[in-house]
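Report on one structure; see the data block that follows.
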Amino acid sequence: MMQRQNLLWVDGTAGAVVGVLLLSVSPWLAELFSLPLGVVLFMGAANLTYGSYSLTIAQRKRRPLSLIRFLVMANLAWVPVCIGLIIVHREVISVWVLLHLSAEAVCVGSLAVIE
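Its first residue numbered 54, the sequence shown is counted upward by one per residue in the working numbering.
Okay, here's the thing in structure tokens:
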């Protein structure tokens with residue numbers, strides 16, 4: 054049971070950290086990833102929003118199943134977004150964003166199954 058409680062903390066912290074990093078160095082990442090700045094900002098904002106939501110659930114003493122289900126749905130929804138970004142920008146993206154988005158899709162998909 055303790056591992057499941059910690060999972061929300063790990064999940065939320067990871068999302069928030071990725072979001073802050075993406076937003077704080079977004080111009081540099083846009084160039085490295087060969088993506089428009091707006092796409093990198095979107096990715097950062099989505100990660101930060103998700104991480105914040107997950108952390109608000111993690112800090113609750115009682116975690117309603119409905120909130121966790123919404124979190125799972127958000128994870129599941131992010132997987133096709135990552136794949137879609139790869140497909141839409143396939144002609145211009147760098148290997149770095151391909152690795153990043155692929156890893157993110159696998160991680161959030163896995164979290165959805167575990168949560």
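Each residue gets a CB set at the ideal place from its N, CA and C atoms; glycine is no exception.
Under 7 Å: does the beta carbon of residue i sit that close to some heavy atom of the ligand GDP?
i, result
"V93", "As for the ligand GDP, it is missing from this structure, which has no ligand bound."
What are the boundary residues of the alpha helix (DSSP H) that includes residue i?
i, result
"V93", "L90 to A111"
"S79", "S79 to F86"
Report the residue from the options whose alpha carbon sits nearest the alpha carbon of residue i.
i, options, result
"W149", "A67, W81, V63 and A69", "W81"
"V141", "S87, V125 and V71", "S87"
"L101", "N128, V71 and F123", "V71"
"A130", "V161, A83, I167 and E144", "V161"
"P89", "L164, V145 and M126", "V145"
"R122", "L74, N59, F95 and L164", "L164"
Report yes if the CB atom of residue i is closer than 8 Å to the CB atom of residue j, and no otherwise.
i, j, result
"G97", "T66", "no"
"A111", "L61", "yes"
"I139", "L152", "no"
"V132", "A156", "no"
"L76", "S147", "no"
"A69", "L120", "no"
"E168", "V125", "yes"
"S79", "V93", "yes"
Every unbroken alpha helix (DSSP H) inside the stretch 115-162 [4 residues or more]:
The alpha helix (DSSP H) runs of length 4 or more contained entirely in the stretch 115-162 are, from start to end of the chain, 118-141.
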